[in-house]
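These notes concern the structure reproduced below.
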Amino acid sequence: FSCDEVVQLFREVLGREISLDDAQHLANVTEGWAGALILLADRVQSAGSVDLEQLNHSDTLFQYISLEQFDPLPAEIKEFLLSSAVLRTMGVDSVNELLERSDTQEKLTQLQNLNLVLVEEEDGDARYRYHSLFRAFLVSHVRSSDGEQFRELNMLAAQRMENDERWEDAVYHYIQAAAWDNVIEVTEEVGWRMFEEGKLDTLSDWLSSVPAEEMTSQPQLMLWKGRVLHYLGLLDAALSIVSKAIAVLEEREDWVPLAEALVTRGMSMRVKGDYIESRDALQRARTLLTDNDAPEEKLTEARKQLGMTLSRTGDLNESVRELTAVVDVYEAAGDVYNIAHAGMELGASLGLLGRLPEAAGYLERSRQLWSQLGNEHMLVQTLVNLGMTYFLQGDFERAGEIYSQGLERVRRMDMLPQEVYLAVSLADVQREKGEHQAALDSYNAILDDAWTIGDAYICVYIMDAIANTHRLMGDLVQAESWAGRASAEAEKTEGDLEQGICLVTKGLIQRQQGELKEAVEYLEKAVPYLREKDARRELAAAYFHLAGTYFSLKKKRVALDYLEKVAELVKDLGYDHFLLVEAARNPLLVQYGAANKVADGYYARMKKLMKSAPSAEGESEDGVATDEAALTAFGFGHARVEYNGQEITDLEWRSEKSREMFFFFLCNRRGLRKEEIVAVLWPDMPEEKTTSAFHSNMYRLRKALYTDIISKESGRYQLDPGGDFAFDVEQFQAALAAAADPQAADEALKQMERAERLYKGQFAPEFYSEWAETLRWQLEEKYMSLLGSLSAAYNEAGEFKKSADICQKIVELDEFNEAAWYRLMSNYIQAQQSEAAKYCYNRYIQIVSEDEDVAADVPDFDDLVKEIMAGLPKTP
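Everything in the sequence shown is counted per the working numbering, starting at 12 for the first residue and increasing by one.
Structure, rendered in structure tokens:
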């Protein structure tokens with residue numbers, strides 16, 4: 012019977028109505044058996060009311076099965092049925108092994124002929140099972156008639172399943188045998204792995220199978236149930252059961268499990284927004300674990316959770332310290348999941364501190380690891396944070412790429428709230444890039460979905476963003492209309508942040524309409540709302556707009572005061588690209604701040620960085636700004652150029668060759684004849700085409716930067732001799748030279764560290780010409796040599812952790828570097844991190860195992876430890 016047929020049977024035969032949920036439940040339980048449907052009808056009150064495991068031998072249904080199907084069978088068949096029924100599915104070999112018999116195939120064939128067993132294919136092998144109701148009858152029979160045999164068979168089955176790492180089946184049989192210690196052992200062994208693999212439903216099913224009376228007497232099972240409920244978002248239920256576990260563990264003075272329970276409590280309180288309670292629980296957990304010499308992985312988990320909470324309480328520096336230490340532990344252990352998780356949280360904390368480049372580094376690493384693990388949910392969370400980090404840095408291209416990747420994933424996963432946030436963020440990127448119509452279309456397209464998810468803040472934010480976009484497009488009528496709608500909704504929510512951003516927008520509209528006094532009124536009303544929510548970025552922008560409005564009102568002293576406030580907030584934030592965008596629209600204000608030396612020259616630096624549109628007098632014939640400005644070139648990792656604080660895009664370069672030509676000049680500062688340049692950049696091109704290629708790419712280069720970027724004198728081309736350039740490759744080589752200077756030996760380590768930081772990857776991997784290949788190889792050789800020297804210097808200074816980190820970089824680039832592996836293990840041993848050393852030793856053995864000669868010469872780990880501690884040379 013299908014679900015619909017069950018509904019029809021109840022209505023027409025039994026004269027009862029049944030819900031679709033109840034009908035589907037009955038259809039599943041009875042597998043469509045009509046007689047059983049009728050016999051179980053009285054039990055159906057809710058979808059979960061019929062539990063086959065809890066039916067007993069006196070039930071009408073089981074009496075019917077006994078009379079009609081079981082009693083007439085021969086004794087040997089009954090005996091086989093009762094003993095084999097403990098297995099939910101059967102293979103011939105598994106039954107023979109469990110029951111210590113050899114005739115299973117014969118018996119199963121007999122039962123198949125009697126229609127008492129079903130056969131299914133699984134991975135090409137035959138798997139047998141009894142009808143679910145018939146098996147429930149058999150299990151009930153053997154449990155009531157011979158409880159000891161039932162327990163023994165389940166224990167045997169569980170142990171075999173555990174040996175085969177069939178964890179779900181093992182736990183099922185341990186539960187049937189009431190072997191609670193074994194259930195706890197298996198859960199402890201594989202529970203975290205199942206969390207990492209996202210198998211929360213399986214864990215939940217295990218724990219739901221434990222009878223309530225047993226659960227209350229097993230605090231560690233209560234703890235696991237609390238963890239599952241937490242990750243399923245059932246926070247109140249999680250806190251309730253964890254509180255019960257805490258009470259039992261406190262009474263028993265079982266300190267390590269108590270600390271684990273406190274960790275789960277801290278996690279749930281954090282998600283509920285009670286950060287102080289969360290912090291207190293996690294700090295106590297860390298103390299208990301430290302005082303009781305708990306396993307390192309438990310202490311590290313507590314510290315990770317504490318670091319996450321500290322970022323919410325505003326203790327950002329403490330959060331970064333905790334999470335940095337946690338990442339180091341996981342790195343040493345090679346725990347990929349937790350490297351990704353702790354790195355993601357550390358990136359978020361660094362972002363809040365304004366240390367955006369560092370944040371991006373950790374988040375990029377986490378993104379790679381989540382992709383490697385296939386954990387889409389955590390990957391999406393990382394992409395959201397990473398996109399915002401690039402956005403705040405002003406790297407709108409990368410931010411857009413990241414948000415687009417996130418959107419593609421959440422749409423596949425049907426995650427509407429995340430889709431709304433990512434779509435809005437992508438629209439923000441479009442607006443900041445000046446793509447106003449595209450941004451407007453995006454905001455309007457997502458607004459209905461924002462109402463669907465019921466997030467008041469995001470709805471107000473989108474309407475306010477639409478108003479601002481209309482303002483930037485010059486459509487002040489539409490801007491005012493949308494600003495009014497956003498403001499009305501913000502007043503309904505009574506949210507400080509919502510009302511603050513709406514008042515700022517109204518002020519900007521008034522300013523653009525020339526109503527300066529009204530603009531000041533709105534902006535000043537916004538300030539206390541934004542200050543109340545500690546919305547420092549929005550507050551800094553509001554102060555900047557107030558400074559600009561007062562400047563227009565000729566109240567220049569007040570304008571300077573607000574510029575000081577802006578600089579103070581930016582110092583706390585650690586980044587200011589969002590202001591550079593506004594500064595480009597208010598150049599006179601910035602010039603005034605710079606002329607008055609406000610905030611120790613902050614606005615003078617801003618004036619130099621901002622990329623305002625050049626006036627006609629400041630342009631050359633081809634439209635390129637010729638005012639001298641700082642230019643920064645990055646050769647390591649990916650060849651790119653920043654000019655006036657903005658990265659030159661692929662569209663501005665117009666060809667990869669023009670970019671390569673610039674870097675060729677940058678690496679060769681002497682005057683070069685056209686023939687030399689052509690021979691290097693176009694070695695295989697026919698001579699008649701080289702002139703055209705040369706001049707077209709020279710034009711693109713100058714167009715992307717400025718006309719005099721390449722000068723020509725006496726038939727030779729040269730990089731602008733008066734240009735203000737910073738080039739990471741030159742700085743890398745200068746740092747190496749300084750480190751090698753015997754007269755500055757006390758500065759050698761600092762210079763090596765500087766060189767190591769500058770090397771972000773191979774030189775310009777996108778350039779394939781021979782000159783680039785040669786330079787790339789030379790720089791990589793220098794970098795590898797630098798790493799060797801740096802790791803040795805740290806080791807000699809007793810900085811074993813730093814030395815180990817450098818060795819890790821060496822073996823990532825050259826996994827067969829025997830000396831680096833040895834020093835890596837030596838560092839961990841000297842730092843008393845024997846587990847990390849053993850992990851590295853096993854990795855090295857695995858790598859060299861294919862070479863029998865090398866593998867045979869590697870000493871045993873214990874011998875290696877003795878060698879290192881005795882200061883003996885390494886035995887090959």
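We put the beta carbon where it would ideally sit given N, CA and C, even for glycine.
Contact set for residue i: own chain, Cβ-Cβ below 8 Å, skip 5 residues either direction
{"i": "SER563", "result": "ARG522, LEU527"}
{"i": "PHE827", "result": "ILE858, VAL859"}
{"i": "PRO694", "result": "SER780, GLU781"}
{"i": "GLN294", "result": "LEU317"}
{"i": "TYR573", "result": "TYR554, PHE555, LEU557, ALA558, TYR561"}
Beta bridge counterpart(s) of residue i as assigned by DSSP
{"i": "MET101", "result": "TYR139"}
{"i": "LYS723", "result": "TYR728"}
{"i": "ALA815", "result": "ALA815 pairs with nothing; no bridge assigned."}
{"i": "GLU658", "result": "GLU653"}
{"i": "GLU108", "result": "Beta-bridge pairing links GLU108 to no other residue."}
{"i": "ARG684", "result": "ARG727"}
Delimiting residues of the alpha helix (DSSP H) encompassing residue i
{"i": "TYR614", "result": "613 to 620"}
{"i": "ALA188", "result": "No alpha helix (DSSP H) contains ALA188, which DSSP labels as neither H nor E."}
{"i": "PHE705", "result": "698 to 715"}
{"i": "ALA86", "result": "86 to 95"}
{"i": "ASP81", "result": "Contrary to the premise, residue 81 reads as Phe rather than Asp in this sequence. Counting along the chain, PHE81 falls outside any alpha helix (DSSP H), and DSSP gives it neither H nor E."}
{"i": "TRP266", "result": "266 to 282"}
{"i": "GLU532", "result": "527 to 543"}
{"i": "ALA605", "result": "598 to 606"}
{"i": "ASN174", "result": "158 to 174"}
{"i": "LYS566", "result": "Premise fails: LYS566 is in no alpha helix (DSSP H) and is neither H nor E."}
{"i": "MET399", "result": "387 to 404"}
Residue i classed as buried or exposed, judged by whether at least 16 other C-beta atoms fall within 10 angstroms
{"i": "MET172", "result": "buried"}
{"i": "GLN123", "result": "exposed"}
{"i": "GLN383", "result": "exposed"}
{"i": "GLU543", "result": "exposed"}
{"i": "ASP873", "result": "exposed"}
{"i": "HIS706", "result": "exposed"}
{"i": "PRO230", "result": "buried"}
{"i": "GLU28", "result": "exposed"}
{"i": "VAL282", "result": "exposed"}
{"i": "SER330", "result": "buried"}
{"i": "ILE287", "result": "exposed"}
Integer-rounded CB distance, given that residue j should sit under 8 Å from residue i
{"i": "ASP460", "j": "VAL431", "result": "5 Å"}
{"i": "GLY417", "j": "LEU433", "result": "5 Å"}
{"i": "LEU367", "j": "THR400", "result": "5 Å"}
{"i": "ARG409", "j": "THR393", "result": "In fact, because the Cβ distance is near 14 Å, the residues do not count as touching under 8 Å."}
{"i": "PRO268", "j": "LEU234", "result": "7 Å"}
{"i": "THR480", "j": "ALA450", "result": "5 Å"}
{"i": "LEU683", "j": "GLN744", "result": "Not confirmed; about 20 Å, so no contact."}
The ligand ADP heavy atom lying under 7 Å from the CB of residue i
{"i": "THR115", "result": "With respect to small molecules bound, the structure shown includes none, and the ligand ADP cannot be examined in it."}
Cut-off 6 Å between Cβ atoms - residues of its own chain near residue i, not counting five sequence neighbours on either side
{"i": "VAL130", "result": "ALA137, TYR139"}
{"i": "TYR561", "result": "VAL569, ALA570"}
{"i": "ALA737", "result": "THR643"}
{"i": "GLY634", "result": "Unreliable placement is indicated for GLY634, whose pLDDT of 26 sits below 50; no coordinate value is reported for it."}
{"i": "THR100", "result": "ARG138, ARG140"}
{"i": "GLU671", "result": "PHE778"}
{"i": "GLU878", "result": "none"}
{"i": "LEU883", "result": "Residue placement at LEU883 is flagged as unreliable, the pLDDT there being 47, under the threshold of 50; a coordinate-derived value is accordingly withheld."}
{"i": "ALA750", "result": "ALA759, GLN762, MET763"}
Beta-carbon contacts of residue i that lie in its chain and below 7 Å, excluding the five residues immediately before and after
{"i": "ALA627", "result": "In this predicted model, ALA627 has a pLDDT of only 31, less than 50, meaning its place in the structure is not dependable enough to derive any value."}
{"i": "LEU437", "result": "GLY411, TYR414, SER415, LEU418, SER453"}
{"i": "ALA456", "result": "none"}
{"i": "ILE464", "result": "LEU427, PRO428, VAL431"}
{"i": "ARG727", "result": "GLY682, LEU683, ARG684"}
{"i": "VAL822", "result": "ASN828, ALA831, TRP832, LEU835"}
{"i": "MET205", "result": "THR213, LEU214"}
Segment limits, beta strand (DSSP E) that includes residue i
{"i": "LEU730", "result": "727 to 730"}
{"i": "ARG665", "result": "No beta strand (DSSP E) contains ARG665, which DSSP labels as neither H nor E."}
{"i": "THR643", "result": "642 to 645"}
{"i": "PHE738", "result": "736 to 738"}
C-beta neighbour in chain E for residue i, strict 8 Å
{"i": "GLU687", "result": "Any reference to chain E falls outside this structure, which holds one protein chain only."}
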